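Q: One structure, as structure tokens, below. Some questions next.
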């Protein structure tokens, strides 16, 4: 379980986040939704222990936390394959899993041998996702990782991630500007306001993923979101 209670974060003398609470349970997906610059990424950095809170409490009981950045952050002097294998301790034991992940992510064996500059932006992001998943995290922090992908590939990767949630009990905190992505993936959406960042309201989505059809997602996007913004 992850719990943030009454958290405040100051950066360069300015309060960025104030009175922020969040709870995340195993096999749960939480989405942080709000305007650019409202502190969503700062919350991820706080959970990843890249920064410290000025006050409040951050309690993370997950064993393996992995951060998938908006940028791919692949090492340019390593091939796609070696970038994925960089984070494992036993390459021979991890090889079957790496092959399976890269294949699921629609990357050919020829692509595995390529360097980042030889791959498209979407392919680089898929390699980064494989690198994140090969460590088998129980908490995955995702900072708009699908924003550069086309619609079909984005949906395919969303499905793959949700399969990991159900099959491996993985939990996710997802930052997004996309209401459709939030309504498709999240069980709880935190709508953030800025100056400083705080939770304006929350949307609980209890519908099982298998039953979240187009009509359900449209309803959430066009009714639930606007109701919360109207408060």
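Numbering (UniProt numbering), first residue to last: 1 to 231. Even glycine gets a Cβ: it sits at the ideal position worked out from N, Cα and C. Owing to the predicted nature of the structure, the values given are computational and were not obtained by experimental measurement.
Starting from residue 59, trace the beta strand (DSSP E) in both directions and tell me its first and last residue.
A: Its beta strand (DSSP E) spans residues 55-60.
Q: Looking at the secondary structure, which residues open and close the alpha helix (DSSP H) in which residue 217 lies?
A: From DSSP, the alpha helix (DSSP H) with residue 217 extends over 214-219.
Q: Please classify residue 232 as buried or exposed, where buried requires at least 16 neighbouring CB atoms within 10 angstroms.
A: Because the chain here runs from 1 to 231, residue 232 falls outside it and cannot be looked at.
Q: Quick check on residue 201: does DSSP put it in helix, strand or coil?
A: Here residue 201 sits in strand by DSSP.
Q: Going by beta-carbon coordinates alone, are residue 44 and residue 175 separated by less than 8 Å?
A: Contact flag set, yes.
Q: Quick check: the Cα distance between residue 5 and residue 99, rounded to an integer number of angstroms?
A: Straight-line Cα distance between these residues: approximately 40 Å.
Q: Please state if the CB of residue 31 and the CB of residue 189 are separated by a distance shorter than 8 Å.
A: Cβ atoms of residue 189 and residue 31: closer than 8 Å.
Q: Does the segment 85-104 come close enough to the segment 124-135 that 3 or more CB-CB pairs lie under 8 Å?
A: Yes, the segment 124-135 is in contact with the segment 85-104.
Q: Would you mind giving the Cβ-Cβ distance between residue 3 and residue 59, rounded to the nearest angstrom? I have them listed as a contact below 8 Å.
A: At roughly 5 Å, the Cβ-Cβ gap stays under 8 Å, so residue 3 and residue 59 are in contact.
Q: Check for me: the alpha helix (DSSP H) holding residue 127 runs from which residue to which?
A: Looking at the DSSP string, the run of the alpha helix (DSSP H) that includes residue 127 is 121-133.
Q: Whole angstroms is fine: what's the gap from residue 198's alpha carbon to residue 37's?
A: The straight-line gap from Cα to Cα measures roughly 12 Å.
Q: Do residue 72 and residue 1 count as a contact pair if the criterion is CB distance below 8 Å?
A: Not closer than 8 Å, so no.
Q: Go to residue 23, then tell me how far its beta strand (DSSP E) extends in each direction, as first and last residue.
A: From DSSP, the beta strand (DSSP E) with residue 23 extends over 14-24.
Q: Would residue 220 pass as a contact of residue 205 if the rule is Cβ separation under 8 Å?
A: Yes, the Cβ-Cβ distance between residue 220 and residue 205 is below 8 Å.
Q: Tell me the rounded alpha-carbon separation between residue 167 and residue 70.
A: Whole-angstrom Cα-Cα distance: 25 Å.
Q: Ignore the nearest five residues each way along the sequence and tell me which others in residue 184's own chain have a CB closer than 7 Å to its CB.
A: Result list for residue 184: 158, 212 and 217, in chain order.
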